[in-house]
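**Q** First the structure, then my questions, so here it is.
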């Protein structure tokens with residue numbers, strides 16, 4: 008279980024199994040944290056789910072990203088598609104939905120080995136731009 012606020016770009020496993028209905032997310036899925044730690048917003052961060060399947064149509068609210076390393080099973084593969092139209096604010100810590108990717112339990116100790124996988128600035132920027140498109144704010148920015 009994730010015990011601390013993950014920084015933007017960190018990959019997490021988000022449990023969408025409870026409280027959701029199709030076509031919403033309804034299973035555990037790899038996701039990327041897109042929000043910074045905000046004051047007075049304890050134990051919450053905003054994530055974008057990732058998919059191993061390319062979108063059926065080319066849309067601005069989904070983008071291909073390449074992870075710096077392949078996550079462990081069942082999320083393996085460095086190439087993912089950010090489903091930035093499925094933005095979600097989730098809890099971490101006790102009773103939360105978020106966890107870090109991890110390997111199988113160590114046979115000697117019984118402990119999991121958690122992995123820290125973080126997107127580089129360029130990949131995180133691509134996901135955040137796709138989030139803006141998913142919110143209908145793709146043209147948002149400084150005005151002359």
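In our numbering, the protein residues as written are 8 to 151.
Ideal Cβ placement from N, Cα and C applies to all residues, glycine included.
Predicted model, so just to flag it, every value in this text is computed and none were measured.
1. Does at least one heavy atom of the ligand MG sit under 7 Å from the Cβ of residue 111?
2. By how many angstroms is the C-alpha of residue 111 removed from the C-alpha of residue 83?
3. Exposed or buried, what is residue 52 when buried is set at 16 or more other beta-carbons lying within 10 Å of its beta-carbon?
4. Can you tell me which of the three DSSP states residue 139 falls into?
5. Where do the ends of the beta strand (DSSP E) carrying residue 36 lie?
6. Using the DSSP secondary-structure output, state which residues sit across from residue 76 in a beta bridge.
7. Beta strand (DSSP E) containing residue 58: first to last residue?
8. My output table needs one value for residue 145: the three-state DSSP class, helix, strand or coil.
9. Starting from the Cα of residue 81, find the closest Cα among 10, 35, 119 and give me that residue.
**A** Well, looking at it:
1. The ligand MG is not among the ligands present in this structure, which contains no ligands whatsoever.
2. 13 Å
3. buried
4. helix
5. 35 to 40
6. DSSP output for residue 76 lists no bridge partner at all.
7. 51 to 58
8. In this structure, residue 145 counts as coil in the three-state DSSP scheme.
9. 35
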